[in-house]
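Asker: The opening residue of the sequence shown carries number 0 in numbering that gives the first Met the number 0; numbering runs sequentially from there.
Input: one structure, supplied below.
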Amino acid sequence: MLAIGALCGACTVQNSDDDHAFDVSDAAHAADPGEPTIADGWIVYRALEAGDGGVDLNGDGDAIDSVACAIAAKAHTDTVLGVAAESTHVLGSHIYVVVSEAEDGRDWNVDADQLDTVLVHWQFGAPVPLDPADDFIDTLVSSGTVVPPQVASGRLYYAAELPGAGAGETSLYYLTKQSPTTPTAVIDAGGANLVVRVLGESEGLLFLGADEVLSGLELNADGDANDSYVLALLDTTLANSELAVTGLALADSEVPIAADASDAHDWTVAFLVSEAAQGDDLNDPALFAGGWVAENCTAVADGDLLDEVLHWITFETWLAGNSDPVNTGIPGELRVIALDGAVATLCPEGDAGCDLDDDGDTIDSVPRWIQTTANALPAGDIVHMLAASAVAGGAHGLAWNGGRLVAVLSEQQSGRDLDTSVLDHDLVAWLDPVLGTAAVWHVSHPSGAVGTGIGGLNFVGADWLAERPQEGRLGLGFEENTAGDVLNLPNFTLNNCLAGDLVVKDTDDLDSLPVWSDFGPGPALDFDGIGYALATNNGGIVVVRGQVFFRGNEGNDNHEYNGDADTSDDILFRNAVASGCSASPMSIATSLDEPAVYSDGIGLCAFHCDEAQAGEDLNGDGDELDFVLRYFKF
């Protein structure tokens with residue numbers, strides 16, 4: 000239920016000893032406002048030369064680079080590695096940096112130019128700055144998009160410029176803690192010397208894009224060798240595993256891919272195949288059995304090759320040659336979700352060629368799902384077809400938790416009243432996709448202890464939805480005004496928690512509150528949360544080791560938390576998942592659209608602090624204009 004009481008303890012922000020949980024320390028340099036790498040006791044970030052007093056940190060004669068720095072969290076040391084960094088990666092005491100030669104001003108691979116992207120290595124205690132003679136690992140594939148390496152199953156996988164010379168050796172290599180500078184080539188199960196790119200990883204399954212052009216091979220049977228991202232998969236949990244090519248082409252390196260581990264060495268894999276790259280109309284109704292066409296659509300092909308269409312694979316049986324990839328025929332965009340027994344995506348009506356939700360237009364994005372069983376049909380009744388609201392948070396209005404889909408559905412875009420109020424809202428709903436065509440959107444929620452926790456309130460509006468659950472909790476921004484409209488209570492305010500008491504901090508209904516939802520008995524969606532106002536459309540809710548971190552805003556909350564006599568700051572708060580009454584302000588945050596904290600998942604966290612909001616020069620460069628990385632452990 001939504002907790003409306005809170006206990007907030009003051010939190011001094013200063014450098015601290017390791018013995019004190021949640022005490023905050025500062026990085027030594029202004030930070031590039033990107034995601035740091037946090038693993039194995041390290042926080043590796045990119046220092047911004049221009050924001051660090053114009054100091055040249057990599058010795059290339061300019062001050063325009065982002066330079067890798069490594070914080071050893073236990074020792075509180077901050078080491079400048081002296082290389083311009085594209086991305087950073089950690090394996091134990093080994094730190095790897097992807098470097099653009101052009102930005103770094105050095106010919107790292109000694110090929111008489113500075114045009115390459117390379118992988119370099121530093122180990123704790125080794126000399127700095129890094130040097131081409133000692134620290135170069137390999138040249139990375141750089142034609143097209145440079146995709147960063149990926150840590151999976153205790154190895155760092157990266158895509159080199161060239162494949163190995165041995166039989167079946169690909170351009171995918173890995174490094175380990177035991178062999179941190181000696182790469183091992185991954186073998187292609189088909190025996191080809193493929194050039195691939197790393198696209199991502201989920202639960203130990205590595206996603207790869209095999210490049211037909213660079214490999215000189217046709218891999219997807221479309222009559223050409225022009226496709227750059229033919230999907231390949233690798234089980235990283237199995238020693239000496241070989242990668243396998245699916246024969247299905249993706250549009251680019253940004254296409255969403257998802258995997259759900261159903262058993263050891265087995266996953267349900269969901270992905271969007273590009274009609275243009277595959278050379279086929281993949282959502283032609285003639286390809287599918289009767290009942291496939293949605294209720295408000297016609298059985299007429301859209302006649303184009305412009306869509307990206309949802310496919311799924313059962314990895315273990317596919318790898319053994321006992322099953323094929325399945326084309327669902329559902330066009331998708333932005334999101335794919337793989338669950339045990341079902342897959343889902345956001346279907347753009349324009350690509351489907353029809354008005355799925357029957358609201359008189361074809362501009363909506365509608366959640367669609369299908370069971371991963373033989374001859375399954377997607378739900379297509381109009382009652383199922385409701386438009387998702389593209390709320391902030393990274394989910395684009397569609398997420399999951401506990402094997403169920405969780406969405407924010409738009410009454411306005413769907414052209415339907417879902418909550419009995421005369422006003423349109425963006426409402427939280429859930430369904431069980433494993434039920435297939437029998438699944439129902441649950442828009443109404445219990446109002447008791449398991450549910451909204453607010454008497455008479457059965458509908459919840461949200462303006463922020465987390466991209467994925469963490470520790471069984473899915474973050475969302477709980478809207479006051481939706482609750483007030485549904486209850487017919489003007490100026491219904493819920494941000495009324497302060498120092499363990501119920502305090503009316505404001506009298507408006509304009510705020511959203513942090514909620515970390517899960518499923519209780521019933522099942523019912525349970526809205527655990529606390530009465531503090533989030534930053535507008537930027538709550539950044541993160542759950543780590545039983546603690547919830549979120550970005551509050553003093554102006555929205557009508558309260559001053561950091562003693563600077565204004566109410567204009569963004570504040571990092573923490574609160575125990577198991578308690579509704581223990582929120583503590585930790586530090587000034589930023590207004591950047593990013594998670595409230597970045598974490599290794601086991602208690603080491605970092606976040607950005609805005610010097611201008613803090614009114615402090617945290618990196619000692621004589622101004623208060625920078626973002627500085629701060630960190631803590633618990």
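Glycine residues also receive a C-beta, built at the ideal position from the N, C-alpha and C atoms.
Source: prediction; values computed, not measured.
Helix, strand or coil for G91, going by three-state DSSP, please let me know.
Answerer: Correct three-state label for G91: coil.
Asker: If we require 3 or more residues per run, which beta strand (DSSP E) segments fall completely within the segment 357 to 415?
Answerer: The qualifying runs are 364 to 370, 397 to 400 and 403 to 409.
Asker: Can you tell me which of the three DSSP states S214 falls into?
Answerer: Residue state, collapsed to three classes: helix.
Asker: Suppose only complete runs of 4+ residues qualify. What are the alpha helix (DSSP H) ranges in the segment 523 to 580, listed by chain order?
Answerer: Whole alpha helix (DSSP H) segments, 4+ residues: 553 to 556.
Asker: Would you call D360 buried or exposed, if buried means 16 or more other Cβ atoms sit within 10 Å of its Cβ?
Answerer: Under this definition D360 is an exposed residue.
Asker: Shortest alpha-carbon distance to F314 belongs to which of Q277, W291 and A258?
Answerer: Here the closest residue by C-alpha is A258.
Asker: Count Cβ pairs between the segment 492 to 505 and the segment 423 to 436 that sit closer than 8 Å; are there 3 or more?
Answerer: Short answer: they don't touch.
Asker: Measure the C-alpha to C-alpha separation of T183 and D115 and round it to an integer number of angstroms.
Answerer: Taking the straight line joining both Cα atoms gives about 21 Å.
Asker: Do the CB positions of F631 and T589 come within less than 8 Å of each other?
Answerer: Not a contact, by the Cβ cut-off of 8 Å.
Asker: Only counting the same chain, and skipping five residues up and downstream in sequence, which positions put a Cβ closer than 7 Å to that of C7?
Answerer: Any reading at C7 must be qualified, since the residue scores a pLDDT of 29, below 50, and its modelled position is unreliable; the value itself is stated next. The residues are L497, A498, A582, S583 and P584.
Asker: Helix, strand or coil for G621? Go by DSSP, reduced to three states.
Answerer: Residue state, collapsed to three classes: coil.
Asker: What is the DSSP secondary structure of A300, counted as helix, strand or coil?
Answerer: Coil.
Asker: Under 7 Å Cβ to Cβ from E478, same chain only, skipping five residues before and after it: list those, please.
Answerer: Closer than 7 Å at Cβ, skipping near neighbours: G460, A461, D462 and S511.
Asker: When you compare the segment 350 to 359 with the segment 396 to 406, are there three or more beta-carbon pairs, one atom per stretch, that lie closer than 8 Å?
Answerer: Segments in contact, no.
Asker: Which of helix, strand or coil does DSSP assign to T436?
Answerer: Residue state, collapsed to three classes: helix.
Asker: Using three-state DSSP, classify W515 as helix, strand or coil.
Answerer: Residue state, collapsed to three classes: strand.
Asker: What is the DSSP secondary structure of T451, counted as helix, strand or coil?
Answerer: Coil, per DSSP.
Asker: If you follow the alpha helix (DSSP H) that Q277 is part of, which residue opens it and which one closes it?
Answerer: Taken as a continuous stretch (DSSP letters only), the alpha helix (DSSP H) holding Q277 covers E274 to Q277.
Asker: Beta carbon of L524, beta carbon of H395: below 8 Å?
Answerer: Cβ distance not < 8 Å, so L524 and H395 don't count as in contact.
Asker: Rounded to a whole number of angstroms, what is the C-alpha to C-alpha distance between P347 and A438?
Answerer: Spanning the two alpha carbons is a distance of roughly 20 Å.
Asker: Would the segment 260 to 277 and the segment 234 to 241 be scored as touching if the rule is three or more Cβ pairs under 8 Å?
Answerer: Yes, the segment 260 to 277 touches the segment 234 to 241.
Asker: List the whole-angstrom C-beta distance separating R573 from F548, where the pair is believed to meet the contact cut-off of C-beta under 8 Å.
Answerer: The pair is a contact, with the Cβ atoms about 5 Å apart (cut-off 8 Å).
Asker: Can you list, in chain order, the residues of its chain whose CB lies under 6 Å from that of G619, leaving out five sequence neighbours each side?
Answerer: Nothing meets the Cβ criterion.
Asker: What's the call for Q277, buried or exposed, on a 16-neighbour Cβ count within 10 Å?
Answerer: It is buried - the Cβ of Q277 has at least 16 other Cβ atoms within 10 Å.
Asker: On the DSSP letters alone, give me the boundaries of the beta strand (DSSP E) that L247 sits inside.
Answerer: A243 to A248 is the extent of the beta strand (DSSP E) around L247.
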